[in-house]
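Going by numbering that gives the first Met the number 0, the first residue of the sequence shown is number 0, and it counts up by one from there.
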Amino acid sequence: MLTPQLENLLINQKLINAETDTLFSINNISWLQYEILLNKLDDIAKFRIKYCEGILTIMSPSRNHEILKKRIAILLEIYLIEHNINYYPTGSTTFRKEEKRGGLEPDKSYCFHELKEYPDLAIEVIFASIDSLQIYHKLGVKEVWFWQNEQLFIYHLCSENTLEFSSNYGYELIEYSKLFPNLNITIFTEYIKHPNPLIASKNFRQSFNLS
Numbered sequence: 000m001l002t003p004q005l006e007n008l009l010i011n012q013k014l015i016n017a018e019t020d021t022l023f024s025i026n027n028i029s030w031l032q033y034e035i036l037l038n039k040l041d042d043i044a045k046f047r048i049k050y051c052e053g054i055l056t057i058m059s060p061s062r063n064h065e066i067l068k069k070r071i072a073i074l075l076e077i078y079l080i081e082h083n084i085n086y087y088p089t090g091s092t093t094f095r096k097e098e099k100r101g102g103l104e105p106d107k108s109y110c111f112h113e114l115k116e117y118p119d120l121a122i123e124v125i126f127a128s129i130d131s132l133q134i135y136h137k138l139g140v141k142e143v144w145f146w147q148n149e150q151l152f153i154y155h156l157c158s159e160n161t162l163e164f165s166s167n168y169g170y171e172l173i174e175y176s177k178l179f180p181n182l183n184i185t186i187f188t189e190y191i192k193h194p195n196p197l198i199a200s201k202n203f204r205q206s207f208n209l210s
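Following this line, the structure appears as structure tokens:
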């Protein structure tokens, strides 16, 4: 059974807003309630649902949110194709582990070289504060990219969960991608921010042919 708050959400769909990301959070949600909600919302609208140790967060992404996630994905896939890197786009699949009491839906996600149960890379566009690293750690995702305030923040999962990185749940904030050490993040970021998506994609692709 769902809580009255969640039932009301399903009936009224108050989270749907085309212009801004809208958040709803509630505590003391069981794993069963989480799975029931996943099934119900899948038929109503495309929400992003995150669950971590009884805390449930639901987000309705804005139009700009969706535009940005797609632009990042297009540019990344251009890089992957030009560098002959085999990739499997797993999109906003719901990834979860019941034994770890954690699950979420990235904006974009990828497996590299072969399809795996959990992605190697997850990408999120953030307009509101949602801490996802704890969940990604539970899933063992190697690298997480956050686009926030027109900047790309890259977090890489450390092999050892040292005290130094405990505040980020075992992730280290780094200046370049360890998955793609040859990707110039400064240039990549500028193309994400370019006012014309078509020109940005063409010029980014052409830059590899010139090098």
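C-beta: ideal position from N, C-alpha, C; glycine also.
By the neighbour-count criterion, in which a residue is buried when 16 or more other Cβ atoms sit within 10 angstroms of its Cβ, S59 is buried. Per DSSP, reduced to three states, the secondary structure at L120 is strand.
When rounded, the separation of the alpha-carbon atoms in Y117 and Q133 is 15 angstroms. Nearest C-alpha to L182 among N195, F203, G90 and K192: F203. A check of alpha carbon separations from F46 across N38, E52 and S176 identifies N38 as the nearest.
Residue range R62 to E81 is occupied by the alpha helix (DSSP H) that includes E76. Between L36 and I48, the gap from beta carbon to beta carbon is short of 8 angstroms. Shown here, Y33 sits in a helix according to DSSP, grouped into three states. Residue pairing of T185 in beta bridges, as defined by DSSP: absent, with no partner found. The Cβ atoms of G90 and K115 lie no closer than 8 angstroms to each other.
Judged by their CB atoms, H155 and I173 are nearer to each other than the 8 angstroms cut-off.
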